[in-house]
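Colleague:
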Amino acid sequence: MTASPIDKIINELASDVRPVRPLRAPALRALLAIAAIGLAAAFAIVVLGDVSGLRNRYAGREALLALETLAMLSTGVLAIVAAFVVSIPGRSKRWIAAPIPFFALWLLLSGLGCYDDLVRRGGVGWELGESIHCLRFIAATSAVFGPLLIWRLARAKPINPLPVALLGGLGIAATSVFVLQFFHPFAVTFIDLAVHLVAIMIVVGVVGLVNRGALAPA
Amino acid sequence: MAEDVVQDALLTVHRVRHTYQPGRPVAPWIAAIVTRRSIDAARKRGRIGRQEVFNEVADETFADPRANKLLEADASRTLAQMAGGLSRGQREAIELVKLKEMSLAEASEFSGQSIASLKVNIHRAMKKLRFSLPKEPPE
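In the order they appear, the protein sequences are chains G and E.
Taking the numbering used here, I'd label the letters of the first sequence as residues 99 to 316.
Taking the numbering used here, I'd label the letters of the second sequence as residues -3 to 135.
(1) Under 8 angstroms between beta-carbons, which chain G residues line up against E/Ala27? List them in chain order, please.
(2) Would G/Ser208 and G/Leu291 qualify as a contact pair, given that the criterion is a beta-carbon distance under 9 angstroms?
(3) Just to confirm before moving on: does the CB-CB distance between E/Leu100 and E/Lys115 stay below 9 angstroms?
(4) Is the separation between the beta-carbon of G/Thr239 and that of G/Ile178 shorter than 9 angstroms?
(5) According to DSSP, is G/Lys255 helix, strand or coil?
(6) Identify the continuous alpha helix (DSSP H) that holds E/Arg41 and give its terminal residues.
(7) Would you mind telling me which residues of chain G sit closer than 9 angstroms to E/Val2, beta carbon to beta carbon, in chain order?
(8) Can you check whether the CB of G/Gly188 is closer than 9 angstroms to the CB of E/Ala5?
(9) Pairing CB atoms from the stretch 254 to 271 of chain G with CB atoms from the stretch 305 to 315 of chain G, are three or more of them under 8 angstroms?
(10) Would DSSP call E/Gln109 helix, strand or coil?
(11) Anything in chain G within Cβ reach of E/Arg46, meaning under 7 angstroms, just list it in chain order.
(12) On a Cα-Cα basis, can you pick out the residue from G/Phe280, G/Leu126, G/Ala312, G/Val275 that is closest to G/Lys255?
(13) Check whether chain G comes within 9 angstroms of E/Glu135, counting only Cβ atoms and requiring the distance to be less than that.
(14) Where G/Asn258 and G/Ser102 are concerned, what is the direct C-alpha to C-alpha distance, given to the nearest angstrom?
(15) When we look at the beta-carbon of E/Glu88 and count the other beta-carbons within 10 Å, is it buried (16 or more) or exposed?
(16) With E/Thr15 and E/Arg33 assumed to form a contact (beta carbons below 8 angstroms), what rounded beta-carbon distance in angstroms separates them?
(17) Buried or exposed for E/Thr74, please, with buried defined as at least 16 other CB atoms from any protein chain shown within 10 angstroms of its CB.
(18) In chain G, what lies closer than 8 angstroms to E/Arg43 by C-beta?
(19) Closest to G/Pro199 by CA distance: which of G/Phe182, G/Thr173, G/Ala252 is it?
(20) Assuming E/Asn117 and E/Gln77 form a contact by the criterion Cβ under 8 angstroms, report the distance between their Cβ atoms to the nearest whole angstrom.
(21) Just to check my reading of the structure: G/Val131 and G/Leu216 have Cβ atoms closer than 8 angstroms, yes? What is that Cβ distance to the nearest angstrom?
(22) Using the three-state DSSP reduction, which class does E/Lys65 fall into: helix, strand or coil?
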């Protein structure tokens, strides 16, 4: 075979190239990350959580509680999965919208719960006092799980990092609120709900701001 | 600009090659990368365009286009002077080996000089050229 100089150069350069190890399917990577977060959260809940408080708080309203909790969990899980999917070039952008219906459902149910509570107990619980703990809890939980998730997301070197960062932030924040449910000694009031929302916005905003630095886009 | 995007997209394809999943169609993957890089390039151009002014004729000092060739003429005169200092054999050796990039064997066959004398001629010519390079005028 008479190799041209270019063929020769290519062969020489390619002779000690290691094969590329493709990333695994985004859904699988997302599930692994969620499993890691879930294990840590489950451990924290079992050791430190207040499950009986949760039961008392929703006594007689179990269906509402179950739906609401499920909605926030779905928001978190779907946002995390969507973040992993859109970090890969060429995947459908519709994934960005995936968590939105569950987010809306969660707000609706949470609002219903608050209203119900307000009617039953009157104007109690309009003070900010306790809610500041929720804010701190959500921020702290996100600060623990956020770097883990960002580290996993950065493996893909997303070419468009902003949606990935925002979805990741929403996923972490929603998961944190879900975990918060097991540490929440009192029923959610409107103030609480607003504080939770503010906390979510803070987390999403922070992750959104650091997106380029943290996700190391290509 | 289009060439820049192509270069950028090729580099990006290389950097994110681990995100391509074997077995999936490759076109959407590449299309997404090219689209993203095009958007980046358009944004960059917009950003730069807002702050900087491009003036294509800014390099021209004089209205008469020939007047702008002064530097060029100067350079070619200097080169001619430098080459004039070389002997015939030296000039031939430089021309064949350095400018036409022949191998020593080819140049020897072409010119009739032996390989050893080609080497000597090139060495002496390079030395002479280096010393005959006009001193840069102080800024």
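In this text, a Cβ means the ideal position worked out from N, Cα and C, and glycines have one as well.
Modeller: Short version:
(1) Near E/Ala27 (Cβ distances below 8 angstroms), the residues of chain G are Gly188.
(2) yes
(3) yes
(4) For the 9 angstroms CB-CB criterion, G/Thr239 and G/Ile178 do not form a contact.
(5) In this structure, G/Lys255 counts as coil in the three-state DSSP scheme.
(6) Its alpha helix (DSSP H) spans residues 22 to 47.
(7) By Cβ distance, chain G contributes nothing, its closest Cβ being about 15 angstroms from E/Val2, past 9 angstroms.
(8) no
(9) yes
(10) In this structure, E/Gln109 counts as coil in the three-state DSSP scheme.
(11) The contacting residues do not exist; E/Arg46 stays about 21 angstroms from chain G at best.
(12) G/Ala312
(13) Residue confidence is low: E/Glu135 scores 47 on pLDDT, short of 50, so the model does not pin down where it sits. No coordinate-derived value is stated.
(14) 39 angstroms
(15) Buried, since its Cβ has 16 or more Cβ neighbours within 10 Å.
(16) Not quite, the Cβ-Cβ distance comes to about 15 angstroms (not below 8 angstroms), so this is no contact.
(17) exposed
(18) None at all; the shortest Cβ gap to chain G is about 15 angstroms.
(19) G/Thr173
(20) About 19 angstroms separates the two Cβ atoms, so there is no contact after all.
(21) Note that residue 131 of chain G is Ala in the sequence shown, not Val. Rounded, the Cβ-Cβ distance is 37 angstroms, inconsistent with contact.
(22) helix
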